[in-house]
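Trainee: Below you'll find the structure I mean.
Number of protein chains: 2
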Amino acid sequence: MSPKIIDKDAKKKLIVQAAMQVFSQKGVAKAKMIDIAKAAGIGKGTIYEYFRSKEEIFNEAFNAMFSDMDTMLNDVLQDTEDPMQKLILIIGITLDYHEKDGGEFAGVMMDFWAEGIRTKNEEVLNTINLKQIYEQYRTMISQIVREGIEKGIFKAVDPTAFAAITIAALDGLFLQIIMEPNIINIKNVKDTFTETLLAGLLCKKEDTILGGTK
Amino acid sequence: MSPKIIDKDAKKKLIVQAAMQVFSQKGVAKAKMIDIAKAAGIGKGTIYEYFRSKEEIFNEAFNAMFSDMDTMLNDVLQDTEDPMQKLILIIGITLDYHEKDGGEFAGVMMDFWAEGIRTKNEEVLNTINLKQIYEQYRTMISQIVREGIEKGIFKAVDPTAFAAITIAALDGLFLQIIMEPNIINIKNVKDTFTETLLAGLLCKKEDTILGGTK
DNA sequence: ATATTATTACCGACCGGTCGGTCATGTAAA
DNA sequence: TTTACATGACCGACCGGTCGGTAATAATAT
Chain A
0 MSPKIIDKDA KKKLIVQAAM QVFSQKGVAK AKMIDIAKAA GIGKGTIYEY FRSKEEIFNE
60 AFNAMFSDMD TMLNDVLQDT EDPMQKLILI IGITLDYHEK DGGEFAGVMM DFWAEGIRTK
120 NEEVLNTINL KQIYEQYRTM ISQIVREGIE KGIFKAVDPT AFAAITIAAL DGLFLQIIME
180 PNIINIKNVK DTFTETLLAG LLCKKEDTIL GGTK
Chain P
0 MSPKIIDKDA KKKLIVQAAM QVFSQKGVAK AKMIDIAKAA GIGKGTIYEY FRSKEEIFNE
60 AFNAMFSDMD TMLNDVLQDT EDPMQKLILI IGITLDYHEK DGGEFAGVMM DFWAEGIRTK
120 NEEVLNTINL KQIYEQYRTM ISQIVREGIE KGIFKAVDPT AFAAITIAAL DGLFLQIIME
180 PNIINIKNVK DTFTETLLAG LLCKKEDTIL GGTK
């Protein structure tokens, strides 16, 4: 009566994983379904038992990635009350995350960005919403900065702008690392990066750079 | 004897411009030749009178963009001897450049990055070489930082790492601006950005952030 | 002036390859 | 034998690039 039973969820993950590999190597647009199938060691048709379309695989990969990241960040933030320490942890976690799965994340991130950029704001794209993710991220960091300012630890910078710049710098560094892993690797620049970025928060100098020189 | 004569170069530029528009809206992969033709107000076949392939248009756009940027930067750097001022100018120019042609540059940059990332290091891609461009950029900035340190104006940071981070931050901010022009626009964050990034260079504090807290 | 003609510029129907997605035909477990 | 699962040959939409034909221009001939 009961037939062959396989773990559907496990197979779905397998396919997503294979897709991530192919996506990161070729880019989503150039990744063929047959490539994904081969990478997963299954037939092309089988993919369609688990996903409706290539788009759906892409969405699944996207969501998996960010919910994972989100969990890690929230876990880590429990560890300390010190705002500076929190920022250091966020930066560390974010940078380290990019090395996950042999840097697969990296290549695909490009396509997430591309997709995010070209998504019209009005259209509610119910699956992928990179903008929303960025907003959460921004809120998280600006909240910490505000906390630091209130506690008198940080200089009174604009928390939102600072958050935006922190995220920007992280993304950009990420981009550099993807592009030139030999020249710029995480271990080398992580500390300098953290120092450079956060120095401005502690530096109490009254005369600003722009005001001083211009 | 003499036939219809038109300005081939002008038309080439027209096509590149139209292509840039379409590329930035749809992405290079999804941009159809017919879209480019329509945007340029010409027939599809005509494009092939001026370019061999879509790839060639992409390359042309890429080169035009960066040689333009390069010229602007070199011009501006003549204006001052002060290292801090030089850095401020570089940041300003780079950020402003992204608003050129109604932000068209922005969308296409995504594809340049994607292309750059997926270009194998070994293969000499004779037309597009984003990595080389980044190297020049990095050299330029690290040179200025080195200058500043020698003159005793800057703290003794690692010039190369600082250059990498500056470029990273610029790229990342750029990415943010593309994604959320309403929230993060250049005029709003330019100053905070410059302040935040360059603060670390002047701040003479001996105890480092990482050393102090960890 | 006006017609002729050589040459260039332009065009879009068409071709051929590609690839996402389907489905008829399996196969293996129970 | 039944039923879930797997597959790859096949289909057809799509799109980059081609090509034969047409329009525009200007030198030349009338």
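Which chain is which? The protein sequence lines are A and P, in order. First residue of the first sequence? That's 0 in numbering that gives the first Met the number 0, and the numbers climb one at a time after it. First residue of the second sequence? That's 0 in numbering that gives the first Met the number 0, and the numbers climb one at a time after it. Virtual Cβ for every residue (Gly too), placed ideally from N, Cα, C. Note that the structure is predicted; figures quoted are calculated from it, not measured.
Whose Cβ in chain P lies nearer than 8 Å to the Cβ of A:Q175?
Mentor: Position 176 of the first sequence, counted from the first residue, corresponds to residue 175 of chain A. Within 8 Å Cβ-Cβ: Y133, A163, I166, A167 and D170.
Trainee: Excluding the 5 residues preceding and the 5 following P:T159 in the sequence, name in chain order all residues of the same chain whose CB lies nearer than 6 Å to its CB.
Mentor: Start at 1 with the first residue of the second sequence, and residue 159 of chain P comes out as number 160. So the list reads S141, once near-sequence residues are dropped.
Trainee: Counting beta carbon pairs with one atom in the segment 161 to 178 of chain A and one in the segment 139 to 157 of chain P, are three or more of them shorter than 8 Å?
Mentor: No, they do not touch.
Trainee: Can a CB atom of chain A be found closer than 7 Å to the CB of P:G102?
Mentor: Along the second sequence, one-based indexing puts residue 102 of chain P at 103. Answer no: the Cβ-Cβ gap between P:G102 and chain A never drops below 7 Å.
Trainee: By the 10 Å Cβ neighbour count, where 16 or more other Cβ atoms means buried, how is P:R51 classified, buried or exposed?
Mentor: Taking the first residue of the second sequence as position 1, residue 51 of chain P is located at position 52. The residue in question, P:R51, is exposed, as its Cβ has fewer than 16 Cβ neighbours within 10 Å.
Trainee: Could you check whether P:M32 and P:K43 sit closer than 7 Å to each other, using their CB atoms as the reference points?
Mentor: As a first step, residue 43 of chain P must be located in the second sequence, where it is residue number 44. As a first step, residue 32 of chain P must be located in the second sequence, where it is residue number 33. Contact: yes.
Trainee: Buried or exposed: A:I4, going by 16 or more other Cβ atoms within 10 Å of its Cβ?
Mentor: Here residue 4 of chain A refers to the residue found at position 5 when the first sequence is read from its first residue. The residue in question, A:I4, is exposed, as its Cβ has fewer than 16 Cβ neighbours within 10 Å.
Trainee: Just verifying my parser: in three-state terms, what is the DSSP assignment at P:E114?
Mentor: In the second sequence, counting from the first residue as 1, residue 114 of chain P sits at position 115. Of the three classes helix, strand and coil, the one that applies to P:E114 here is helix, per DSSP.
Trainee: DSSP state of A:K213, grouped into three classes?
Mentor: In the first sequence, counting from the first residue as 1, residue 213 of chain A sits at position 214. Legend: pLDDT at A:K213 = 34, less than 50; position of this residue unreliable, no value from coordinates given.
Trainee: Quick check: the segment 66 to 76 of chain P against the segment 12 to 21 of chain P, are there 3 or more CB pairs under 8 Å?
Mentor: Verdict: no, contact absent.
Trainee: Counting only Cβ pairs nearer than 8 Å, list the residues of chain A close to P:R145.
Mentor: The residue given as residue 145 of chain P occupies position 146 in the second sequence. Neighbours of P:R145 on chain A: none; closest Cβ ~15 Å, over 8 Å.
Trainee: Using a C-beta to C-beta distance shorter than 8 Å, which residues of chain A count as neighbours of P:M178?
Mentor: Stepping through the second sequence from its first residue, residue 178 of chain P is reached at position 179. Those are W112, G115, I116, L129, K130 and Y133, listed as they occur along chain A.
Trainee: Measuring only the C-alpha atoms, how far is A:K7 from A:Y49?
Mentor: Reading the first sequence from its first residue, position 8 is the one you call residue 7 of chain A. Reading the first sequence from its first residue, position 50 is the one you call residue 49 of chain A. If you take the alpha carbons of A:K7 and A:Y49, they lie about 8 Å apart.
Trainee: Step through the CB atoms of chain A and report whether any lies within less than 7 Å of the CB of P:V123.
Mentor: Position 124 of the second sequence holds residue 123 of chain P. In this prediction, P:V123 has a pLDDT of 47, which is less than 50 and means its spatial position is unreliable; what the coordinates show is noted afterwards. Taking Cβ atoms only, chain A never reaches closer than 7 Å to P:V123, which makes this a no.
Trainee: How many Å lie between A:V144 and P:V156 at the Cα?
Mentor: Working through the first sequence from its first residue, we reach residue 144 of chain A at position 145. Working through the second sequence from its first residue, we reach residue 156 of chain P at position 157. A:V144 and P:V156: Cα-Cα distance of roughly 24 Å.
Trainee: How close, in whole Å, do the beta carbons of A:K154 and A:L200 come, if the pair is a contact with beta carbons under 8 Å?
Mentor: Stepping through the first sequence from its first residue, residue 154 of chain A is reached at position 155. Stepping through the first sequence from its first residue, residue 200 of chain A is reached at position 201. 6 Å between Cβ atoms; contact.
Trainee: Could you tell me whether any Cβ in chain A is nearer than 7 Å to the Cβ of P:A30?
Mentor: Within the second sequence, residue 30 of chain P is the residue found at index 31, counting from 1. Chain A, which has no Cβ nearer than 7 Å to the Cβ of P:A30, makes this no.
Trainee: Can you tell me where the alpha helix (DSSP H) with A:R137 in it begins and where it stops?
Mentor: By 1-based counting over the first sequence, the position of residue 137 of chain A is 138. Note, A:R137: alpha helix (DSSP H), L129 to E149.
Trainee: Assuming A:V27 and A:F57 make a contact with CB atoms under 8 Å, what is their CB distance in whole Å?
Mentor: Stepping through the first sequence from its first residue, residue 27 of chain A is reached at position 28. Stepping through the first sequence from its first residue, residue 57 of chain A is reached at position 58. That pair is a contact at about 6 Å.
Trainee: Taking P:G106 as the query, report the chain A residues whose CB atoms sit under 8 Å from its CB, ordered along the chain.
Mentor: By 1-based counting over the second sequence, the position of residue 106 of chain P is 107. Ordered by position in chain A, the residues that pass the 8 Å Cβ test against P:G106 are I116 and R117.
Trainee: When burial is assigned at 16 or more other CB atoms within 10 Å of the CB, is A:T79 buried or exposed?
Mentor: Here residue 79 of chain A refers to the residue found at position 80 when the first sequence is read from its first residue. The residue in question, A:T79, is exposed, as its Cβ has fewer than 16 Cβ neighbours within 10 Å.
Trainee: Starting from P:E54, trace the alpha helix (DSSP H) both ways and give me its first and last residue.
Mentor: For this step, residue 54 of chain P is matched to residue 55 along the second sequence. Here the alpha helix (DSSP H) through P:E54 covers K53 to L76.
Trainee: Between P:V75 and chain A, is any beta-carbon pair separated by less than 7 Å?
Mentor: Sequence index remark: in the second sequence, residue 75 of chain P carries index 76 (1-based). No - not a single Cβ of chain A is within 7 Å of the one on P:V75.
Trainee: A:F22 lies in the alpha helix (DSSP H); which residues open and close that run?
Mentor: On the first sequence, position 23 is the one that residue 22 of chain A refers to. K7 to K25 is the extent of the alpha helix (DSSP H) around A:F22.
Trainee: Locate the alpha helix (DSSP H) running through P:A30, then write down its first and last residues.
Mentor: As a first step, residue 30 of chain P must be located in the second sequence, where it is residue number 31. Note, P:A30: premise wrong, no alpha helix (DSSP H); not H, not E.
Trainee: Could you tell me whether the Cβ atoms of P:T193 and A:I164 are closer together than 7 Å?
Mentor: As a working note, residue 193 of chain P is residue 194 in the second sequence. As a working note, residue 164 of chain A is residue 165 in the first sequence. For P:T193 and A:I164, no; Cβs fall outside 7 Å.
Trainee: Would you mind stating whether P:L129 and P:G106 have Cβ atoms separated by less than 7 Å?
Mentor: As a position in the second sequence, residue 129 of chain P is number 130, starting the count at 1. As a position in the second sequence, residue 106 of chain P is number 107, starting the count at 1. No.
Trainee: Along the alpha helix (DSSP H) that carries A:T159, what are the first and last residues, could you check?
Mentor: Numbered from 1 along the first sequence, position 160 holds the residue referred to as residue 159 of chain A. Where A:T159 is concerned, the enclosing alpha helix (DSSP H) stretches over P158 to M178.
Trainee: What separation, rounded to the nearest whole angstrom, lies between the Cα atoms of A:K85 and A:A39?
Mentor: Looking up residue 85 of chain A in the first sequence gives position 86. Looking up residue 39 of chain A in the first sequence gives position 40. When rounded, the distance between both Cα atoms is 39 Å.
Trainee: Quick one: measure Cβ to Cβ for P:A168 and A:A168, integer angstroms, because I've assumed they're closer than 8 Å.
Mentor: Residue mapping note: residue 168 of chain P aligns to position 169 of the second sequence, counting from 1. Residue mapping note: residue 168 of chain A aligns to position 169 of the first sequence, counting from 1. Rounded, the Cβ-Cβ distance is 4 Å, consistent with contact.
Trainee: Given a threshold of 16 other Cβ atoms within 10 Å of its Cβ, counted over all protein chains shown, does A:Y136 qualify as buried or as exposed?
Mentor: For the purposes of this step, residue 136 of chain A is taken as residue 137 along the first sequence, with counting starting at 1. Buried is the call here.
Trainee: Between which two residues does the alpha helix (DSSP H) carrying P:N187 extend?
Mentor: For the purposes of this step, residue 187 of chain P is taken as residue 188 along the second sequence, with counting starting at 1. Where P:N187 is concerned, the enclosing alpha helix (DSSP H) stretches over I185 to L201.
Trainee: If you follow the alpha helix (DSSP H) that P:D95 is part of, which residue opens it and which one closes it?
Mentor: For the purposes of this step, residue 95 of chain P is taken as residue 96 along the second sequence, with counting starting at 1. Unbroken alpha helix (DSSP H) run through P:D95: P82 to Y96.
Trainee: Quick one: which residues of the segment 51 to 76 of chain A get their C-beta closer than 9 Å to a C-beta of chain P? List them in chain order.
Mentor: Answer set for the segment 51 to 76 of chain A: empty.
Trainee: Measure the C-alpha to C-alpha separation of A:M71 and P:E179 and round it to an integer number of angstroms.
Mentor: Counted from its first residue, the first sequence places residue 71 of chain A at position 72. Counted from its first residue, the second sequence places residue 179 of chain P at position 180. C-alpha separation (whole angstroms): 25 Å.
Trainee: Mapping DSSP to helix, strand and coil, what is A:T79?
Mentor: On the first sequence, residue 79 of chain A is found 80 positions in, with the first residue counted as 1. Correct three-state label for A:T79: coil.
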